[in-house]
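Colleague: Heads up, our numbering is the position in the first sequence plus 2, with the first residue counted as 1. We treat Cβ as the ideally placed atom computed from N, Cα and C, and that holds for glycine. Just passing along the structure, written as structure tokens.
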Amino acid sequence: MSEKLFQKPKGTADLLPSIQPVWQKITAVAQEIFEHRYNFGRIDTPLFENYDIFARTSGDSSDVVSKEMYDFYDKGKRHMALRPEGTAGVVRAYVENKLYGPEYEKPVNLYYLESMFRYERPQAGRMREFHQLGAESFGSDSPFLDAQVIQMAIDFFKAFKLNNLLVKINSLGNDASRAAFRQALVDYLSQYEEQLSRDSKIRLKTNPLRILDSKDANDQKLLVGAPKILDYLDQDSKNRFKQVTDALDAFGVNYEIDEKLVRGLDYYNNTIFEIETQDPKLKSAATICGGGRYSGMVEEFGGPDTPAIGFGIGLERLITLIGEVKERDQVDVYIVQTDSSVSAFANLLAKHLREVFHFSVLLDYTNRSMKSQFRSADRTQARYSIVIGDQEVQSKELTLKKMTDGSQRKVLLDNLRIEDFS
RNA sequence: GCGGUAUUGGUGAAGUUGGUUAACACACCGGUUUGUGGUACCGGCACGCGUGGGUUCGAGUCCCACAUACCGCCCCA
């Protein structure tokens with residue numbers, strides 16, 4: 003070994019072959035549910051964007067922007083940032099590629115499966131590089147779309163047979179409602195300003211809604227008599243929220259209205275939701291899906307005023323819940339070599355079996371004993387083994403050994419047919 | 001950004017009040033069986049205890065710094 007041992011950057015992970023089947027399944031399920039059943043098209047956006055794209059949309063006061071962003075200046079002195087979340091980049095792409103044009107069917111449905119970056123202290127279910135599966139739908143204000151999008155997320159989780167999921171939902175109302183509530187909340191909490199936790203004192207100025215989901219026990223006590231957001235929704239917002247919950251009821255979705263639910267990013271309005279798991283494996287990282295409606299963002303990026311809704315699913319968290327790892331593909335033939343002098347022949351045979359029969363073929367490259375080679379054949383659950391030695395090289399006659407029962411048959415190489423391996 | 005715990009071979013780990021061959025098991029490799037497997041038996045397998053300093057006659061065992069992992073806070077997916 004060399005002297006210096008490198009370690010992967012803090013909060014990152016190597017996705018080794020043993021975990022890949024899980025990721026492949028996630029990709030496949032996303033394709034089936036999102037793409038096929040709900041007609042969302044896949045989009046991949048750049049890993050990094052202009053810093054302002056994230057800073058402006060997420061809100062300067064959000065922690066994601068103020069302390070968790072991986073930002074840097076490139077050689078052209080441009081202020082860039084690794085994407086901390088998926089929505090902003092997708093909105094930018096929606097506008098830049100003019101997907102709002104009349105030739106695109108509305109709503110425009112997009113989904114992504116990408117890694118995100120947040121400079122945080124790692125913990126179970128929280129990495130610095132992590133993966134999100136997200137969906138965004140542009141161009142419809144229909145409350146039924148809200149319900150369908152939530153149902154889509156549920157369908158996705160159902161494909162993994164996840165139990166104990168709780169859907170929490172709330173409405174922030176439209177801009178006017180949200181502003182009215184915000185004012186009422188500030189008025190109320192200002193009387194107790196001195197008693198608020200340190201963080202909440204700051205939030206009172208920057209983002210008072212966030213105080214609602216403060217974990218501080220005393221904050222929560224002060225909030226008991228606080229104004230309720232649902233009381234401040236105007237008639238439109240109220241009706242809208244009712245239509246969403248009615249649709250969810252009709253779908254049979256098990257949900258809970260949580261008036262204290264607010265989200266970490268500032269761009270949401272009207273419907274917001276989270277899906278939580280009760281699984282003890284995730285404790286403080288119980289939220290595996292979060293999303294909601296937002297408007298104004300498309301406009302902010304220079305597109306037409308467009309309503310939108312989306313959500314993100316944390317895949318690392320999902321994986322700790324499903325945890326099932328499938329075995330690798332079965333090996334069809336293991337070629338055992340008596341010694342290295344027959345390797346040329348054995349390798350040619352391997353090439354032939356792969357090419358002609360499309361077999362999965364394995365053979366040794368480390369000059370191990372025959373016993374070891376047979377052990378490998380067992381371990382990889384090879385269906386057949388073929389021993390290659392001087393005799394076989396001379397006679398071109400192969401002995402096919404069926405590993406399950408040990409029976410052997412001799413077949414001339416030139417007469418080999420796929421049926422011989424059934 | 002704050003607090004706590006941990007870090008010994010490919011893996012799980014044992015390592016006594018600091019004492020000089022780093023236990024045991026799994027896996028792996030070889031042999032018993034010089035061309036035939038999954039069992040059994042025998043043998044091999046850490047010049048090293050996260051990294052760097054320090055204390056000491058002597059440190060995996062004590063002290064400091066750093067790195068990483070995990071837990072909690074903050075926050076979030």
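Out of L211, N209, K223, which has the shortest C-alpha to C-alpha gap to Q197?
Modeller: K223
Colleague: Compare the beta carbon distance of V333 and T382 with 8 angstroms and say whether it is the shorter of the two.
Modeller: Yes, Cβ-Cβ distance for V333 and T382 is below 8 angstroms.
Colleague: Could you work out which residue in A288, K69, L364, P282 is closest to E276 when comparing CA atoms only?
Modeller: Per the Cα distances, A288.
Colleague: Which partner residues of M82 appear in the DSSP bridge assignment?
Modeller: N52, F74
Colleague: Reducing DSSP to helix, strand and coil, say where E5 ends up.
Modeller: Unreliable positioning characterises E5 in this predicted model, as indicated by a pLDDT of 47, which lies under 50. The coordinate reading is nonetheless provided below. In the structure shown, E5 sits in coil (DSSP, three-state: anything other than H, G, I, E or B).
Colleague: Could you check where the beta strand (DSSP E) with I274 kicks off and where it finishes?
Modeller: 270-279 is the span of the beta strand (DSSP E), which, as asked, contains I274.
Colleague: Select from A126, P229, I321, H133 the residue whose C-alpha is nearest the C-alpha of D49.
Modeller: The amino acid occupying residue 49 in the given sequence is Leu; Asp does not appear at that position. Closest in C-alpha terms to L49, from the list A126, P229, I321, H133, comes H133.
Colleague: Do I315 and I290 come within 8 angstroms of each other at the CB atom, strictly closer than that value?
Modeller: yes
Colleague: Exposed or buried, N41, counting other C-beta atoms within 10 Å across all chains shown (16 or more means buried)?
Modeller: exposed
Colleague: Between Q245 and D238, what straight-line distance do the alpha-carbon atoms span, to the nearest angstrom?
Modeller: Each residue's Cα considered, the two are about 11 angstroms apart.
Colleague: Round the Cβ separation of T322 and G91 to the nearest angstrom and send it over; I've been treating them as touching at under 8 angstroms.
Modeller: 26 angstroms between Cβ atoms; not a contact.
Colleague: Going by DSSP, what residues sit across from Q125 in a beta bridge?
Modeller: R128
Colleague: Looking at the secondary structure, which residues open and close the beta strand (DSSP E) in which M118 lies?
Modeller: 110-119
Colleague: Tell me whether I28 sits in a helix, a strand or coil according to DSSP, three-state version.
Modeller: helix
Colleague: How close, in whole Å, do the beta carbons of V110 and F140 come, if the pair is a contact with beta carbons under 8 angstroms?
Modeller: 5 angstroms
Colleague: Can you list, in chain order, the residues of its chain with a C-beta nearer than 7 angstroms to that of K77? Leave out the 5 residues immediately preceding and following it.
Modeller: Nothing meets the Cβ criterion.
Colleague: Taking only the alpha-carbon atoms, compute the straight-line gap between V226 and L214 and give it to the nearest angstrom.
Modeller: 10 angstroms
Colleague: Taking three-plus beta-carbon pairs below 8 angstroms as touching, is the segment 343-358 in contact with the segment 178-193?
Modeller: no
Colleague: For F8, is the classification buried or exposed, using 16 other Cβ atoms within 10 angstroms of its Cβ as the cut-off for buried?
Modeller: When all chains shown are included, F8 counts as exposed.
Colleague: Taking the Cβ atom as the reference point for each residue, do E131 and G13 lie within a distance shorter than 8 angstroms?
Modeller: yes
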